[in-house]
Structure formats: C-alpha cells, structure tokens
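Trainee:
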Amino acid sequence: MALRAFIADAIVVAGGPREGALLTENGRVTAVAPVSEVPSYAEKIRLPSLTLAPGLVDLQVNGGGGALFNQDTSPEGLRIIRDAHRAMGTTALLPTLISEGTEKIPEAFQAVRAWHEKEKDTGILGIHLEGPFLNPERKGVHEAEALRLDPSETLRELDFSGFGKILITLAPELVDERELKKLSSHGVILSAGHSQADQAALNKAKAAGLRGITHLFNAMGPLQAREPGLAGLALNDDDLWCSIICDGAHVWHAMIRLALKAKPEGKLFFVSDAMPPAGQKDPQPFTLYGKKITVKNGRCLTEAGGLAGSALTLFECVQKAVREVGIPLPQALAMASFYPAQFLGVEKEYGSFAPGSHADIIALDKDLNLKGVWVGGMNLETKIVL
22 MALRAFIADA
32 IVVAGGPREG
42 ALLTENGRVT
52 AVAPVSEVPS
62 YAEKIRLPSL
72 TLAPGLVDLQ
82 VNGGGGALFN
92 QDTSPEGLRI
102 IRDAHRAMGT
112 TALLPTLISE
122 GTEKIPEAFQ
132 AVRAWHEKEK
142 DTGILGIHLE
152 GPFLNPERKG
162 VHEAEALRLD
172 PSETLRELDF
182 SGFGKILITL
192 APELVDEREL
202 KKLSSHGVIL
212 SAGHSQADQA
222 ALNKAKAAGL
232 RGITHLFNAM
242 GPLQAREPGL
252 AGLALNDDDL
262 WCSIICDGAH
272 VWHAMIRLAL
282 KAKPEGKLFF
292 VSDAMPPAGQ
302 KDPQPFTLYG
312 KKITVKNGRC
322 LTEAGGLAGS
332 ALTLFECVQK
342 AVREVGIPLP
352 QALAMASFYP
362 AQFLGVEKEY
372 GSFAPGSHAD
382 IIALDKDLNL
392 KGVWVGGMNL
402 ETKIVL
C-alpha cells in the first residue's frame, strides 16, 4: 500500500494536538511529521478544519447494530457488532459475553477463535467474560441462575493459547485465590466487578494477579464513611486500572470528576457497555434472558426500570465526557483509546499514532461530530445506517 499523508489542522499525539501530517504505509503509522517533510510521492488526503485521533478501543461491547453477542455467538454476529462500532469510530474491541450457562462460553470462544483464524487485524482483540463468577448480591441485570463460583469447572475445556486477549470480570471475594492465580498464569486479565469485595479480599486478589475494576461505581459496594466498599477501595488504589461508563446514565458527572481526581493519570478509562441498540439510527427493543429491554431517552431499561447496559457507542461517550463532564478533548480521547489499550497490553498496536501501530484513524470537527473513519489507513465503507 502506497505512502499516504493525512494532513489536518490537529493530530492528537502524546503531549497534545499538533498540526501536521500523519503518514501511513501498508496499514501502519510511520510518523507524524510537519507538512513540509511529506515526501512528494505520497498520496495526500487533506482534511482542513478537522482533528485526527486514533481509533477508539472499547473493552466492554455486549452488542451493537441490533446484535447481542450472548444471542449470536458466531462470526457473523461478531461482524455485525464490529461493523456497527467501527462506523462510530471504535476500531478495536472486546466482544463481551454476559453471564451465561456453561455451554455458551465455549461457543463464544469458538466464534472468536474462528474469526481470528479467518480474519487478520480486524479489530476483534479477544473476548471479555463479564461473569459468570459474580456476587449474586451485586448481579445487576445478570440472571442469578447463570452465576457460577468455580472457574476451574466452568472453563476447564477451554484452550487459552494463541487466542488473543482474554479479560474476565469476577467477584474476587467468591473465587478461590488458587483459581485466580491459575487464570493469571494463562495470561487472563482479571478485573473485579459485580462484587462486594473488602480490603482483605482485594489484597489477596491483587496478589493473585487482579489488575482492574470493571465499570467503577456500578454493581459494587458503594463509597461510605466507615465502609469504603469496592468503589472506595478502587479510588484509593493507584495500582488498579478502572473502567467507567460515561453515557450519562450509569455514573453521574460529579462522580466521574471525583474518579479523575483520585486515580493516577491513565488508570481511568471509558467503556461503552454497549447493547444491541448501539450504532442504530432508530434503536429497537431487544431481549436479554428472554426478557424485553426497551430504549428510553438513550437508556436500555428492564421492565422494572433498571439499567441493562448502554445504548451508546464509545464515541458518543467521548462526546458526553467533553460536553457534559468537562473533560478536555485530548484527555477524553486518550481515555477511550490509549489508556484501555495500555490496560489490555496492546498499546503498541492500537490506541495511538506511535510508529508501527495500526493506521486506525477518526476525524472530528470542532463541534465533536464524527466526520470520517479509516481502518488500516483505508476509508471505512459500511452498510450500517447511522
């Protein structure tokens, strides 16, 4: 593929946006350089008045484009979900399986493995199992009958080798420390969520390899004066990475600002927790565990009025972070690209414009509207109606 130069008013790089040209070749970034240094033979793509940023990285994608991974654990289901999120600027993601029976987990793994065997560099980074090893007291929308306590029994038939990244959200207070160590030894990334863990349980889990906290503030012990809960423990722990949902429904703006003040730079990142309506122009109801989930005012709601994931894509979360929470655009973009890539250990490939990384690019105008998406340096074409 020929050398291409994306010339824009602002290119988001470490240290802040800078004017210049983003150079790509063979689907990879080669450099960010002044326009004067662009070789004469390069194909020039001029994008005046636009800001270029790395494609977004979403580590919690339950569905999109009308598909739910729990219901369509197939390569075609993955394609529908990927395309819906790609069209909105998420160029790398973890399809996420919400707590299911033991037969569904191998199906999900097989779908991702089949995808990787057929496709190359297509943005499906692996898999996120949100459950089933969760605390019933903090199950949220997860069905109680689907929850399990013993990973060795549930995951014993799975082959983790050569698979991509595997992230498991679990309640560390309910899972034996030896099982946590075993999972970590296989390269599984462990994150605490849907949990009532106290300091002792969290310390043991960290010693066994726990690295993160899933959707901070949601489905966990709350922050209180004499009982910090998992939320308070996470805010007070500089080692732990925390994901957070910035969709305007799951976490109030002031709590996001509090988390930003408490966590070291880079240790708080956005996830969408997206459900099937994400990426749809006209969001439609869907079913989860056989129960109807409706979309109202951008929220996915159970019949009882509880939240059931998000109807927004990660890019829409970035828009809310800037417009409503007041986070500067470069920081909000990093929280949706470089920081999650760091947590997953793929920051050399995704989430930045470092030389050698995938040439996945989004273009924004001054009003934060998405104006273009490129994957591997090529303009994205999609049949998804947005």
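Following this note's numbering, the numbering of the sequence shown begins with 22 at its first residue and continues without gaps. Ideal placement from N, C-alpha and C gives every residue a C-beta, glycine not left out. This one's a predicted model, so the numbers in the text were calculated from it and none came from an experiment.
#1: Buried or exposed for Tyr360, going by 16 or more other Cβ atoms inside 10 Å?
#2: If you follow the beta strand (DSSP E) that Arg25 is part of, which residue opens it and which one closes it?
#3: Could you give the DSSP three-state label for Glu166: helix, strand or coil?
#4: According to DSSP, is Gln81 part of a helix, a strand, or is it coil?
#5: So the candidates are Leu89, Ala384, Pro55; which of them puts its Cα closest to the Cα of Gln81?
#6: Quick check on Ser378: buried or exposed, where buried means 16 or more other Cβ atoms within 10 Å of its Cβ?
#7: Quick one: what's Pro297 bridged to in DSSP?
#8: With a threshold of 8 Å, are at least 3 pairs of Cβ atoms found where one atom belongs to the region 129–148 and the other to the region 273–283?
#9: Tell me whether Glu324 is buried or exposed, calling it buried when 16 or more other Cβ atoms sit within 10 Å of its Cβ.
#10: Assign Cys338 to one of three DSSP states: helix, strand, or coil.
#11: Is it the case that the Cβ atoms of Pro351 and Val33 are separated by a distance below 8 Å?
#12: Taking contact to mean 3 or more Cβ pairs, one atom from each stretch, closer than 8 Å, check whether the region 150–166 and the region 317–336 are in contact.
#13: Got a sec? Which residues, its chain only, sit under 7 Å from Pro127 by beta carbon, not counting five neighbours each side?
#14: Give every residue of the same chain whose Cβ lies closer than 8 Å to the Cβ of Ala270, excluding the five residues on either side of it in the sequence, and list them in chain order.
#15: If I measure Cβ to Cβ from Pro243 and keep anything under 7 Å in the same chain, skipping five residues before and after, which residues do I get?
#16: Going by CA-CA distance only, name the one from Leu146, Thr94, Gly110 that's closest to Glu368.
#17: Could you spell out the range, first to last residue, of the beta strand (DSSP E) harbouring Trp136?
#18: Quick one, which of Gly347, Leu261, Leu289, Gln220 has its alpha-carbon nearest Ala274's?
#19: Taking the alpha-carbon of Pro69 as reference, which of Val78, Leu77, Val56 has the nearest alpha-carbon?
#20: In this structure, does DSSP put Ser61 in helix, strand or coil?
#21: Could you check if Asp294 is buried or exposed, using at least 16 other CB atoms within 10 Å of its CB as the buried criterion?
#22: Only counting the same chain, and skipping five residues up and downstream in sequence, which positions put a Cβ closer than 6 Å to that of Gly372?
#23: Going by the beta-carbon positions, is the gap between Leu191 and Leu155 smaller than 8 Å?
#24: For Met109, which of helix, strand or coil comes out of DSSP?
#25: When the Cα of Lys288 is compared with those of Leu365, His106, Val316, which residue comes out closest?
#26: Give the range of the alpha helix (DSSP H) segment to which Ala222 is assigned.
#27: Which residue or residues does DSSP assign as beta-bridge partners of Ala357?
#28: My output table needs one value for Ser387: the three-state DSSP class, helix, strand or coil.
#29: Which residues does DSSP list as the beta-bridge partners of Lys312?
Mentor: So, from the data block:
#1: For the purposes of this step, residue 360 is taken as the residue at position 339 of the sequence shown. Taking a 10 Å sphere around the C-beta of Tyr360, we find 16 or more other C-beta atoms and assign the residue as buried.
#2: Within the sequence shown, numbered from 1, the residue matching residue 25 stands at position 4. Run containing Arg25: 25–34, per the beta strand (DSSP E) assignment.
#3: Within the sequence shown, residue 166 is the residue found at index 145, counting from 1. In this structure, DSSP gives Glu166 a helical state, which the three-state scheme calls helix.
#4: Start at 1 with the first residue of the sequence shown, and residue 81 comes out as number 60. In this structure, Gln81 counts as strand in the three-state DSSP scheme.
#5: Position 60 of the sequence shown, counting from 1, holds the residue named residue 81. Its Cα nearest to that of Gln81, the residue Leu89 stands out among Leu89, Ala384, Pro55.
#6: Taking the sequence shown and counting its residues from 1, the one referred to as residue 378 is at position 357. Counting Cβ neighbours within 10 Å, Ser378 comes out buried, since at least 16 surround it.
#7: Stepping through the sequence shown from its first residue, residue 297 is reached at position 276. Pro297 pairs with nothing; no bridge assigned.
#8: Cβ pair count under 8 Å is below three, so no.
#9: In the sequence shown, the residue the question calls residue 324 occupies position 303. For Glu324, the number of other beta carbons within 10 angstroms of its own is below 16, and it is reported as exposed.
#10: For the purposes of this step, residue 338 is identified with residue 317 of the sequence shown, where counting begins at 1. Here Cys338 sits in helix by DSSP.
#11: Numbered from 1 along the sequence shown, position 330 holds the residue referred to as residue 351. Numbered from 1 along the sequence shown, position 12 holds the residue referred to as residue 33. Taking 8 Å as the cut-off, the beta carbon of Pro351 is found closer than this to the beta carbon of Val33.
#12: Touching, per the Cβ criterion.
#13: As a working note, residue 127 is residue 106 in the sequence shown. Around Pro127: Glu178, Leu179.
#14: For the purposes of this step, residue 270 is taken as residue 249 along the sequence shown, with counting starting at 1. Only Gly319, Arg320, Leu328, Ser331 meet the Cβ criterion.
#15: Counted from its first residue, the sequence shown places residue 243 at position 222. Hits under 7 Å: Gly250, Ala252.
#16: Walking along the sequence shown from the start, residue 368 turns up at place 347. Looking at the Cα atoms, Leu146 is the closest of the given residues.
#17: Numbered from its first residue, the sequence shown carries residue 136 at position 115. Trp136 -> not in any beta strand (DSSP E); alpha helix (DSSP H) instead, spanning 125–139.
#18: What you label residue 274 is simply residue 253 of the sequence shown in a count that begins at 1. Reading off the sequence, residue 274 comes out as His, not Ala. Each of Gly347, Leu261, Leu289, Gln220 was checked against the Cα of His274, and the nearest Cα belongs to Gly347.
#19: Working through the sequence shown from its first residue, we reach residue 69 at position 48. Pro69 has its Cα closest to that of Val56, out of Val78, Leu77, Val56.
#20: The residue labelled residue 61 in the question sits at position 40 within the sequence shown. Shown here, Ser61 sits in coil according to DSSP, grouped into three states, outside any helix or strand.
#21: By one-based count along the sequence shown, residue 294 stands at place 273. By the 10 Å Cβ count, Asp294 comes out buried.
#22: Position 351 of the sequence shown, counted from the first residue, corresponds to residue 372. Result list for Gly372: Pro75, Val78, Ser358, Phe359, Ala362, in chain order.
#23: Here residue 191 refers to the residue found at position 170 of the sequence shown. Here residue 155 refers to the residue found at position 134 of the sequence shown. The answer is yes: Cβ separation under 8 Å.
#24: Taking the first residue of the sequence shown as 1, we reach residue 109 at position 88. The answer is coil: DSSP assigns Met109 none of H, G, I, E or B.
#25: Residue mapping note: residue 288 aligns to position 267 of the sequence shown, counting from 1. Lys288 has its Cα closest to that of Leu365, out of Leu365, His106, Val316.
#26: The count along the sequence shown starts at 1 and reaches residue 222 at position 201. Start and end: 220–228.
#27: Position 336 of the sequence shown, counting from 1, holds the residue named residue 357. None, per the DSSP bridge assignment.
#28: Against the sequence shown, residue 387 aligns to sequence position 366. The question names Ser, yet the displayed sequence has Lys at residue 387. In the structure shown, Lys387 sits in coil (DSSP, three-state: anything other than H, G, I, E or B).
#29: In the sequence shown, residue 312 corresponds to position 291, counting from 1. Bridge partners of Lys312: Leu309.
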